[in-house]
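Per my numbering, the sequence shown starts with residue 20, numbered consecutively.
From the three backbone atoms N, C-alpha and C, an ideal C-beta is built for every residue, glycine too.
Just so we're clear, the structure is a prediction, and the values are computed from it rather than from any experiment.
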Amino acid sequence: MMKLFTRDGAPKLVPACTYPLTGPGCVHRVHTDHGVIAVGPDSVRVLETYGISVAALRERLDVELTG
């Protein structure tokens, strides 16, 4: 499990990577302290949330969420 936001409040789930990738396309599901997020080639979908609404996640993240 990872924290979804940095100490400064910046999202760790971003639309594009800035570092070289060692395994592109390997991650399909991300388990965070705020929920479970499915990552697909064309979409990012919220499967579960913990203590936060999907609407609140949409406001704080830079990726377009479905679900």
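Kindly list the residues whose CB is nearer than 8 Å to the CB of residue i, restricted to its own chain and excluding five residues on each side of it in sequence; keep chain order.
| i | result |
| --- | --- |
| methionine 21 | Lys31, Val49, His50, Thr51 and Asp52 |
| threonine 25 | Lys31 |
| valine 33 | Asp81 and Val82 |
Can residue i and residue j be called in contact, C-beta distance under 8 Å?
| i | j | result |
| --- | --- | --- |
| histidine 47 | alanine 57 | yes |
| leucine 66 | valine 55 | yes |
Go to residue i, then tell me how far its alpha helix (DSSP H) extends in each direction, as first and last residue.
| i | result |
| --- | --- |
| alanine 57 | Where alanine 57 is concerned, there is no enclosing alpha helix (DSSP H), although the beta strand (DSSP E) it sits in stretches over 54 to 58. |
| glutamate 83 | Where glutamate 83 is concerned, there is no enclosing alpha helix (DSSP H), given that its DSSP letter is neither H nor E. |
Can you give me the Cβ contacts of residue i inside the same chain, cut-off strictly under 6 Å, excluding the 5 residues immediately before and after it?
| i | result |
| --- | --- |
| arginine 64 | Ala57, Thr85 and Gly86 |
Between which two residues does the beta strand (DSSP E) containing residue i stretch?
| i | result |
| --- | --- |
| threonine 68 | 63 to 68 |
Once you ignore the five residues that flank residue i on each side, which residues in its own chain have a CB closer than 7 Å to its CB?
| i | result |
| --- | --- |
| serine 62 | Thr85 |
Is there contact between the segment 39 to 48 and the segment 67 to 77, where contact requires at least three CB pairs shorter than 8 Å? no
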